[in-house]
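In this note's numbering, the protein residues as written are 15 to 284. Contents: one structure, followed by commentary.
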Amino acid sequence: MTALSLSVVLDAAEREGRLNVHTAALAAALPEVSPEALRQALHRQQTRGRIVRLSRGSGHWLIVPLQHAVSGAPPLETWLDRYLSKTLQTPYYVGLLSAAETYGASPYAVMVTQVMVPKSRRSMTVGRHELVFHTRANIQRMPARWHETAEGRFRVSTPELTALELVQREAQVGGIARVQEVLRSLCDSCSAEGLQEALEAAREVPAAQRLGALLSVQGRTELAQGVRHWLQGRKLRAIPLESGSVVGEGCGLDAVFKVRLPSVLENSNG
């Protein structure tokens, strides 16, 4: 009877469009059910694939509609924001390659969702969704916007911040060659004003230098000029294009951004 009662509550919530449910709310809807009986009923529904728990101890459950049974969970838009900002009260935004994908600028299928958070968190799997968390200092001042679909919405870094962070964290996204390829499309969504906002929020000079050099190589003159303007008055030192790399003999120095670029670097203008 407990399982049946819980099933009725879950069905009613789904009909109302509420796929995010919490243990406390379920207990309130089933006052005659003991905490232990409710725990067992939740476990049975989880085993059947009717619900999925987002993390141990959070009390946050996700109803899995029949049309999403194969993937084991509904789309991120239905639950990511509610889970992170409401249940965990953690500021966040989807970033890096996952953000680029929302702007139609990822030439490869992104197998995981990359999420920026203020403190280190373990990766998590919800159905077929795998989330990998990256730490970001001063996250609340970073420019972000809503990515909205018919299913819901979540926060995502602006295209300009996405570009800057891809360059800064190139080792975590497949290397500088992949970053170059993503930038070719991503820059179509960038503006000079948005770039200034991202640069001012992040205040990361080496990343700005590298981004400016790549924008210049790709012929994005207005955006490159914006980076150059932001760097004015700041002390620049010569750095390699890839952080941590050894500068080879075939590298030339970009006189504006003080970045050592490999001579084989493809010029998309050419």
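Cβ coordinates follow ideal geometry from the N, Cα and C atoms, glycine included.
Beta-carbon proximity list for Glu91, same chain, < 8 angstroms, skipping 5 on both sides | His161, Glu162, Thr163, Glu165, Gly166, Arg167, Phe168
Curious, which full-length alpha helix (DSSP H) runs of at least 4 residues does the region 203 to 279 contain?
-> 206 to 216, 219 to 231, 235 to 245
At least three beta-carbon pairs within less than 8 angstroms, the region 192 to 203 to the region 117 to 125 | yes
Does the count of Cβ pairs from the region 200 to 212 and the region 125 to 137 closer than 8 angstroms reach three?
-> no
Mind listing, in chain order, the continuous beta strand (DSSP E) runs of no fewer than 3 residues lying wholly within the region 61 to 104?
-> 65 to 67, 74 to 77
Whole angstroms is fine: what's the gap from Glu115's alpha carbon to Pro220's?
-> 25 angstroms
Please say whether Arg183 and Leu255 have beta carbons closer to each other than 8 angstroms?
-> no
From Ala215 to Glu174, what distance separates their C-alpha atoms?
-> 11 angstroms
Under 8 angstroms Cβ to Cβ from Pro79, same chain only, skipping five residues before and after it: list those, please.
-> Glu28, Leu33, Pro88
Limits of the alpha helix (DSSP H) - the one that Val196 falls within = 190 to 200
Hey, quick one: how far does the beta strand (DSSP E) through Thr127 stretch, first residue to last?
-> 127 to 131
Which residues in the same chain as Lys272 place their Cβ atom closer than 7 angstroms to its Cβ, once the five residues preceding and following it in sequence are excluded?
-> Gln223, Leu250, Arg251, Ala252, Ile253
Sequence-distant residues of the same chain with beta carbon closer than 7 angstroms to Ser137, five excluded per side | Glu144, Leu145, Val146, Phe147
Among Gly247, Glu218, Leu209, Gly258, the one whose alpha carbon lies nearest that of Thr235 = Leu209
Which residues in the same chain as Glu211 place their Cβ atom closer than 6 angstroms to its Cβ, once the five residues preceding and following it in sequence are excluded?
-> Pro157
Where Val108 falls: helix, strand or coil (DSSP) = strand
Would the beta-carbon of Leu20 fall within 8 angstroms of that of Leu44?
-> yes
Looking only at its own chain, which residues have a Cβ that is under 8 angstroms from the Cβ of Asn283, when we skip the five neighbours before and after it?
-> Note that Asn283 has pLDDT 42, beneath the 50 cutoff, so the model's placement of it is unreliable and no number is given.
Buried or exposed: where does Glu288 fall if 16 or more other Cβ atoms within 10 Å of its Cβ makes it buried?
-> Residue coverage of the chain in this structure runs from 15 to 284, which leaves residue 288 outside it and unanswerable.
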